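In this note's numbering, the protein residues as written are 2 to 243.
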Amino acid sequence: MTKMPRAFTHIDTWVFDLDNTLYPHHVNLWQQVDAKIGEFVGAWLKVSPTEARKIQKDYYRRYGTTMRGMMTEHGVRADDYLAYVHKIDHSPLEPNPAMGDAIARLQGRKLILTNGSTDHVDAVLARLGLGSHFDAVFDIIAAGLEPKPAPQTYRKFLNLHDVDPTRSAMFEDLARNLVVPHQLGMTTVLVVPDGSKEIVREDWELEGRDALHVDYVTDDLTGFLQGLSALSSRRPREGGDP
């Protein structure tokens, strides 16, 4: 089946995931969180690091986040979990003024939709120098602790922020998190590693580049957004696809 990617000319809301999307995969910031999650699982369940790793990744795949699995299976409190796993060193992140300029030039609202916490978002955006470029953050607490890719999470996000999915674009690093957005009518962009440096990811996390629910794939989000901002600045304020 031939895929016809959706256009950007009608977009008035730009929705971004956070981790491994607004900063490069090879920063491996999420590797720190990943390690902290393993520590939490091991300590809570009193199991070896190897067993904790197996449980962690099993819950991640089945529940969307390890936290959801730990809450469902073992009664973990979200506040305790989030406070522990997001206590990391954000210094590997560097300011990205070029991305900030490209985001600022996009016409319309810019929102963040993440399975992380608002505190984590604030820390990341501060390091990247992007804090002033986003209008709102929808985090795991706002989602009622139901992570992406749960359909109800996207619907709650759309309703809370009055987003028309047919006039919005979603940027994500996990193809599975773009299934529902695409079904709802969003233009979808998968952000993948640029291949320049070693990354720490599961094989399944890197799948889906050719999926029908992925409209575009980029390994250079800044460059991709610069192209979109140029298009956005040229298009009329009203009107549909060309």
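Idealized CB from N, CA, C, for every residue including glycine.
Model, not experiment: these values are computed from the prediction.
Between the CA atoms of residue j and residue i - distance to the nearest angstrom
{"i": "G209", "j": "V192", "result": "11 Å"}
{"i": "P243", "j": "F158", "result": "With a pLDDT of 29 at P243, under the threshold of 50, the modelled position of that residue is not reliable, and no figure is offered here."}
{"i": "D80", "j": "T51", "result": "25 Å"}
{"i": "G39", "j": "M5", "result": "41 Å"}
{"i": "D165", "j": "V16", "result": "11 Å"}
{"i": "I142", "j": "T154", "result": "11 Å"}
{"i": "P25", "j": "R106", "result": "21 Å"}
{"i": "H162", "j": "L112", "result": "9 Å"}
{"i": "Y14", "j": "S230", "result": "The amino acid at residue 14 is misidentified as Tyr; the sequence shows Thr. Each residue's alpha carbon lies about 13 Å from the other."}
{"i": "H121", "j": "H27", "result": "18 Å"}
{"i": "L19", "j": "P98", "result": "16 Å"}
{"i": "L23", "j": "S49", "result": "33 Å"}
{"i": "G228", "j": "T10", "result": "12 Å"}
{"i": "V77", "j": "L175", "result": "25 Å"}
{"i": "Q32", "j": "N160", "result": "32 Å"}
{"i": "R54", "j": "P152", "result": "27 Å"}
{"i": "Y61", "j": "R156", "result": "21 Å"}
{"i": "D123", "j": "G43", "result": "28 Å"}
Proximity of residue i and residue j at Cβ, strictly below 8 Å
{"i": "G130", "j": "P182", "result": "no"}
{"i": "D136", "j": "R177", "result": "no"}
{"i": "T244", "j": "M68", "result": "Residue 244 lies beyond the residue range present for the chain, which begins at 2 and ends at 243; the question has no answer from this structure."}
{"i": "P150", "j": "V180", "result": "yes"}
{"i": "G65", "j": "N21", "result": "no"}
{"i": "L83", "j": "S133", "result": "no"}
{"i": "L30", "j": "L94", "result": "yes"}
{"i": "H87", "j": "V138", "result": "no"}
{"i": "L146", "j": "M71", "result": "no"}
{"i": "D220", "j": "P194", "result": "yes"}
{"i": "I89", "j": "K47", "result": "no"}
{"i": "A127", "j": "L226", "result": "no"}
{"i": "W45", "j": "H75", "result": "yes"}
Chain C within 8 Å of residue i, Cβ atoms only
{"i": "G209", "result": "Judged by its chain identifiers, the structure shown contains no chain C, having just a single protein chain."}
Residues of its chain near residue i, where Cβ-Cβ distance is below 6 Å and the 5 sequence neighbours each way are ignored
{"i": "V190", "result": "F172, Y217"}
{"i": "T167", "result": "G186"}
Rounded distance between the beta-carbons of residue j and residue i, thought under 8 Å
{"i": "I12", "j": "A170", "result": "5 Å"}
Contact set for residue i: own chain, Cβ-Cβ below 8 Å, skip 5 residues either direction
{"i": "P148", "result": "Y64, G65, T66, M68, R69, N116, I141, T154"}
{"i": "D59", "result": "G70"}
{"i": "Q184", "result": "H214"}
Contacting residues, own chain, Cβ-Cβ under 7 Å from residue i (five flanking each side not counted)
{"i": "F41", "result": "Y82, Y85, V86"}
Residue i CB to nearest heavy atom of the ligand GTP below 7 Å
{"i": "K157", "result": "In the structure on display, the ligand GTP does not appear, and there are no ligands present to speak of."}
### Task
Counting only runs of 4+ residues fully inside the region 100-188, write out the alpha helix (DSSP H) ranges in chain order.
Counting whole runs of 4 or more residues, the region 100-188 contains the alpha helix (DSSP H) stretches 119-129, 152-161, 180-185.
### Task
Scan the region 23-104 and note each continuous alpha helix (DSSP H) run of 4 residues or more that stays entirely inside, going in chain order.
Qualifying alpha helix (DSSP H) stretches, in chain order: 30-46, 50-64, 67-75, 79-86.
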